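Report on the following structure.
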Amino acid sequence: MDSGLVAALARAVPTGGLITAPEALRTYECDGLTGHRVVPSAVVLPESTDQVAACVSACHQARVPFVARGAGTGLSGGALPVADGVVICLTRMRAILDVDIQGQRVTVQPGVANLQVSDAVRANGHYYAPDPSSQSVCTIGGNVAENSGGAHCLKYGFTTTHVVGVTLVTPDGRVTTLGGAVADAPGYDLLGVVVGSEGTLGIVTEVILNIIPIPETVRTMLCGFASMSAAGLAVSAIIAEGITPAAIEMMDRLAIEAVEAAVHADYPRCQAVLLVELDGPRAECASTFARVEEICRQSEAQEIRVAADASQRAMMWRGRRAAFAAMGRISPDYYVQDGVIPRGRLAPVLDGIAALEQEYDLRVANVFHAGDGNLHPLVLYTGSHHGEGDRALELAGRILDLCLSEGGSITGEHGVGSDKACAMPKMFSEGALEVFTRVRAAFDPDGVCNPGKVLPTPRLCGEVPGPYRPHPLEIAGVATRM
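Reading the sequence shown from the start, the letters are residues 264 to 745 in the numbering used here.
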């Protein structure tokens, strides 16, 4: 890396905030998708918006690509570095800047963990609704980049529903504000464009979040079924009734086996479980909960357990939240897929996944946000066995094809990143992809802000990652045609 850029980065951050030692750089070579690894040329650890802007400005002037990174829990390669680029790591920006209970707003830096927001306002009777399973470690900056969801997004919506304003460092190092504490700001919805853009349009350094009152009551049940299809039909019946639970989660036998080995959640011995939670006013919640229990019995639930208190509810959720990490108990390696289907197509998709298991001679553990059709099949394999890793990757791709064939999507909350960029043409037309590229180029005409993510390029769709070279559609000429 050019010595002038290294010197500029060193000036931009406090002492100890620049990493160039090869052994230390390897810490940042991947995110939660460990199958893709690239060692960056440098890592900087800014502590303020001004420091981020100075780092970005230095990269922009040197025309060196940069990638923003938080806790590194992402599962799509969204924070994968560029070999000759810089990682701007935001983990030292972890301050809660303002708490406004009356206005139901909290302003945070991007390195604040998701669960910390709720912890900061719980004593005042409020919480932050989006709850990824990794909420104790994943950070708000990454949640904004990926538009993260979680189990309770069925009722309360994804991150985009709860972000009302951001401070953004643009790819040339300028600082701007999008949205604000007041709802429905006039003008184009640039905030909506940035949330979920996976760090390709700039770096978010402050976020204004909406918080909501803690519900008066919460009721949770765990239902065991003889098959995944039966559990899927119960989900469809609950939603068809006009009921919107706070969450409906589904796990199959393999997933149950893994979480029992890991956290001893005392789940029923069955082929599938539904974890159903309702919240709201006490009287309304009681009557609706009774109807959900009745629907599950009519759908031939073999066993229904109702949480008697907060500790039992926490244990039910502990099993679900531990599902991904628990897979190491039953398989040395696994690949997490993330697709979406219409709720009514659960049964045929589950049958299709079962058929693919047989075809590829691999196991798939199914963990679903069943209420909104967001599937997380985990393809289990042994990386040391020749060819199994490639088979697992191909099987995961076939599951995405299955989701698309049923009118679904290639991602629900994990993002596209570098992992699924090559699948984008399966979902979007060439014209739509060019529009996406023009929007991106309007923010980043030099193509240096998290390059190679989301949009397909020849470099990532058939070539081994190497020194970054912008795709022809990523250069400034595209922006001039808008």
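Using N, Cα and C, we set each Cβ at its ideal position, and we do this for glycine too. This one's a predicted model, so the numbers in the text were calculated from it and none came from an experiment.
- The segment 621-629 makes no contact with the segment 672-692: fewer than 3 CB pairs, one atom from each, lie closer than 8 Å.
- Following the DSSP letters along the chain, one finds G543 inside the beta strand (DSSP E) bounded by residues 535-543.
- Cβ contact annotation for C724 (same chain, cutoff 8 Å, sequence separation greater than five): A684, C685, in chain order.
- Beta-bridge partners of Y597 (DSSP): L643.
- Distance between V375 and T402, taken at the CA atoms: about 5 Å.
- R332 counts as buried, since no fewer than 16 other beta carbons sit within 10 angstroms of its beta carbon.
- For the pair G341 and G602, the CB atoms are not nearer than the 8 Å cut-off.
- Counted as a single uninterrupted DSSP element, the beta strand (DSSP E) harbouring E566 occupies residues 566-569.
- If you ignore the 5 residues before and after A408, its C-beta comes within less than 6 Å of the C-beta of E461, G462, all in its own chain and listed in chain order.
- Taking 8 Å as the cut-off, the Cβ atoms of A489 and E566 do not count as close.
- Secondary structure of G459 (DSSP, three-state): coil.
- M514 sits in a strand when the DSSP states are folded into three classes.
- Taking 3 residues as the minimum length, the beta strand (DSSP E) runs contained wholly in the segment 405-492 are 426-432, 438-442, 466-473, 480-488, in order along the chain.
- Under the three-pair Cβ rule at 8 Å, the segment 267-279 counts as touching the segment 301-309.
- As a beta-bridge residue in DSSP terms, A376 pairs with T402.
- According to the DSSP secondary-structure assignment, Y391 is paired through a beta bridge with no residue.
- The beta-carbon distance between A392 and H415, rounded to whole angstroms, is 6 Å. This is short enough to meet the 8 Å contact definition.
- Around the CB of A586, 16 or more other CB atoms lie within 10 Å, so the residue is classed as buried.
- Given a length threshold of 3 residues, each whole run of the beta strand (DSSP E) inside the segment 317-341 is given here in chain order: 329-332.
- By the Cβ criterion, the segment 471-491 is in contact with the segment 541-550, since at least three pairs of Cβ atoms, one from each stretch, lie closer than 8 Å.
- A check of alpha carbon separations from T312 across L517, V327, L360, S339 identifies L360 as the nearest.
- With a cutoff of 8 Å on beta-carbon distance, A510 and G634 are scored as near each other.
- Ranked by Cα distance from M491, the options V612, E504, D294 are led by V612.
- At the C-beta level, Y644 and A659 stay beyond 8 Å of one another.
- With a cutoff of 8 Å on beta-carbon distance, G671 and P605 are scored as near each other.
- Residue environment analysis places V429 among the buried positions, since at least 16 neighbouring C-beta atoms fall within 10 angstroms of its C-beta.
- Rounded to the nearest whole angstrom, the CA to CA distance from E540 to D382 is 21 Å.
- As a beta-bridge residue in DSSP terms, C712 pairs with F329.
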